[in-house]
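Please read the structure below before turning to the comments.
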Amino acid sequence: EAQVTQNPRYLITVTGKKLTVTCSQNMNHEYMSWYRQDPGLGLRQIYYSMNVEVTDKGDVPEGYKVSRKEKRNFPLILESPSPNQTSLYFCASRPGAGESYGYTFGSGTRLTVV
Amino acid sequence: SQKIEQNSEALNIQEGKTATLTCNYTNYSPAYLQWYRQDPGRGPVFLLLIRENEKEKRKERLKVTFDTTLKQSLFHITASQPADSATYLCAPDTGRRALTFGSGTRLQVQP
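One line per chain: the protein sequences are W and Y, in this order. Numbers in this note's numbering are just positions in the first sequence, counted from 1, shifted up by 1315. Numbers in this note's numbering are just positions in the second sequence, counted from 1, shifted up by 56.
Shown next, in the form of structure tokens:
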């Protein structure tokens, strides 16, 4: 089944403790992206990647890091999480650039930082 | 700056009626526009995309229009059903980078 898999689904952590949210897709997609969703603010783009080793900042990149060493994986790293990073996070992928394709989204990761 | 506007107020309609949702954008020149459905706590699901040279696109009970002069897209669900209740997101797409989404309009279909 074609899908984007995020882990974990739920995570409660403490301020300052480094964490990684994993994202993997099995569709050989070039584009991958991370979004966060907060009530009243909608989906906001954190980082995106147009291909392996190519990443760029979205609208709200502060406090986050990403890497794209393999085409299928695009982990989101919070080096020192803070309470304002409590949110619902989504990873998404789509085939590539130059044409418009719909995104396939993961099931989401609900992160709470206390 | 680029801006996407969707009606933040929920749209309540009766089952069987046509729901019409609006997406307006400014400071964009998208070549495409996408629509998604999102259920609470779940990831958005892609529904339709329309190209700038297409005035209208249909898929089953869904219809999307795209007016690049007005900078507006309309999303219609005909013969609406309670199962159509969800939040609908639009995303103008230049095709060159990752998508930016509108904040969505919540649709509630009453039986």
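We treat Cβ as the ideally placed atom computed from N, Cα and C, and that holds for glycine.
Of all the CB atoms in chain Y, is at least one closer than 8 Å to the CB of W:Ser1422?
-> The count along the first sequence starts at 1 and reaches residue 1422 of chain W at position 107. With 8 Å as the cut-off, W:Ser1422 counts as an interface residue toward chain Y.
Taking DSSP as the reference, what is the three-state secondary structure of W:Ala1317?
-> Taking the first sequence and counting its residues from 1, one reaches residue 1317 of chain W at position 2. If DSSP states are grouped into helix, strand and coil, W:Ala1317 belongs with coil.
Is Y:Pro167 buried or exposed, if buried means 16 or more other CB atoms sit within 10 Å of its CB?
-> Residue mapping note: residue 167 of chain Y aligns to position 111 of the second sequence, counting from 1. Y:Pro167 is exposed by the Cβ-count criterion.
Neighbourhood of Y:Pro100 by C-beta distance below 8 Å, restricted to the same chain and skipping five residues each side | For the purposes of this step, residue 100 of chain Y is taken as the residue at position 44 of the second sequence. Cβ within range, chain order: Tyr92, Arg93, Gln94, Leu145, Phe157.
Please report how far the alpha carbon of W:Pro1390 lies from the alpha carbon of W:His1344, in whole angstroms.
-> Stepping through the first sequence from its first residue, residue 1390 of chain W is reached at position 75. Stepping through the first sequence from its first residue, residue 1344 of chain W is reached at position 29. Approximately 15 Å between the Cα atoms of the pair.
Short CB-CB distance (under 8 Å) between W:Tyr1379 and chain Y = Here residue 1379 of chain W refers to the residue found at position 64 of the first sequence. No, its Cβ sits nowhere closer than 8 Å to a Cβ of chain Y.
In the DSSP assignment, find the beta strand (DSSP E) that holds Y:His132 and state where it starts and stops.
-> Within the second sequence, numbered from 1, the residue matching residue 132 of chain Y stands at position 76. Where Y:His132 is concerned, the enclosing beta strand (DSSP E) stretches over 128–133.
Report, in whole angstroms, the separation of the C-beta atoms of W:Leu1326 and W:Leu1403, which I expect to be a contact under 8 Å.
-> Along the first sequence, one-based indexing puts residue 1326 of chain W at 11. Along the first sequence, one-based indexing puts residue 1403 of chain W at 88. 11 Å between Cβ atoms; not a contact.
Compare the beta carbon distance of W:Gln1321 and W:Thr1337 with 8 Å and say whether it is the shorter of the two.
-> In the first sequence, counting from the first residue as 1, residue 1321 of chain W sits at position 6. In the first sequence, counting from the first residue as 1, residue 1337 of chain W sits at position 22. Cβ atoms of W:Gln1321 and W:Thr1337: closer than 8 Å.
Check W:Gln1400 in the structure and name its three-state DSSP category.
-> As a first step, residue 1400 of chain W is located in the first sequence; it is residue number 85 there, counting from the start. Reduced to three states, the DSSP call for W:Gln1400 is helix.
Assigned exposure category for Y:Thr82 - 16 Cβ within 10 Å defines buried | The count along the second sequence starts at 1 and reaches residue 82 of chain Y at position 26. Label assigned to Y:Thr82: exposed.
Please report the Cβ distance between Y:Leu163 and Y:Ala75, rounded to the nearest whole angstrom; I am assuming they are in contact, meaning their Cβ atoms lie under 8 Å.
-> As a working note, residue 163 of chain Y is residue 107 in the second sequence. As a working note, residue 75 of chain Y is residue 19 in the second sequence. Right, their Cβ atoms sit about 6 Å apart.
Straight-line CA distance for Y:Lys127 to W:Ser1415?
-> Residue numbering aside, residue 127 of chain Y sits at position 71 when the second sequence is read from its first letter. Residue numbering aside, residue 1415 of chain W sits at position 100 when the first sequence is read from its first letter. Those two C-alpha atoms are separated by around 18 Å.
Whose C-alpha, out of W:Trp1349, W:Val1329, W:Thr1335, is nearest the C-alpha of W:Arg1409?
-> Counted from its first residue, the first sequence places residue 1409 of chain W at position 94. Cα-wise, what sits closest to W:Arg1409 is W:Trp1349.
Rounded C-alpha distance that separates Y:Lys73 from W:Glu1368 = Sequence index remark: in the second sequence, residue 73 of chain Y carries index 17 (1-based). Sequence index remark: in the first sequence, residue 1368 of chain W carries index 53 (1-based). Between Y:Lys73 and W:Glu1368, the C-alpha separation is close to 49 Å.
In angstroms with no decimal places, state the Cα-to-Cα distance between W:Arg1383 and Y:Pro148.
-> Here the question's residue 1383 of chain W lines up with position 68 in the first sequence. Here the question's residue 148 of chain Y lines up with position 92 in the second sequence. Rounded to whole angstroms, W:Arg1383 to Y:Pro148 spans 25 Å at the Cα level.
Short CB-CB distance (under 8 Å) between W:Leu1426 and chain Y = Start at 1 with the first residue of the first sequence, and residue 1426 of chain W comes out as number 111. No, because no Cβ of chain Y sits closer than 8 Å to the Cβ of W:Leu1426.
Terminal residues of the beta strand (DSSP E) in which Y:Val165 lies | Along the second sequence, read from residue 1 onward, the residue named residue 165 of chain Y stands at position 109. Run containing Y:Val165: 161–166, per the beta strand (DSSP E) assignment.
Looking at Y:Ser64 and Y:Ser159, is the spacing between their C-beta atoms short of 8 Å?
-> As a working note, residue 159 of chain Y is residue 103 in the second sequence. As a working note, residue 64 of chain Y is residue 8 in the second sequence. Yes; because the gap between Cβ atoms is below 8 Å, this pair is in contact.
Residues of chain Y with a CB under 8 Å from the CB of W:Ser1415: which are they?
-> For the purposes of this step, residue 1415 of chain W is identified with residue 100 of the first sequence, where counting begins at 1. Under the 8 Å cutoff, chain Y gives Ala87, Tyr88, Gln90, Leu105, Arg107, Asp149, Gly151.
For the beta strand (DSSP E) containing W:Met1347, list its first residue and its last residue.
-> The residue labelled residue 1347 of chain W in the question sits at position 32 within the first sequence. It spans 1346–1353 - the beta strand (DSSP E) in which W:Met1347 sits, taken as one unbroken run.
Among all the DSSP beta bridges, which residues are the ones paired with W:Ser1364?
-> Walking along the first sequence from the start, residue 1364 of chain W turns up at place 49. Answer is W:Met1347, W:Thr1370.
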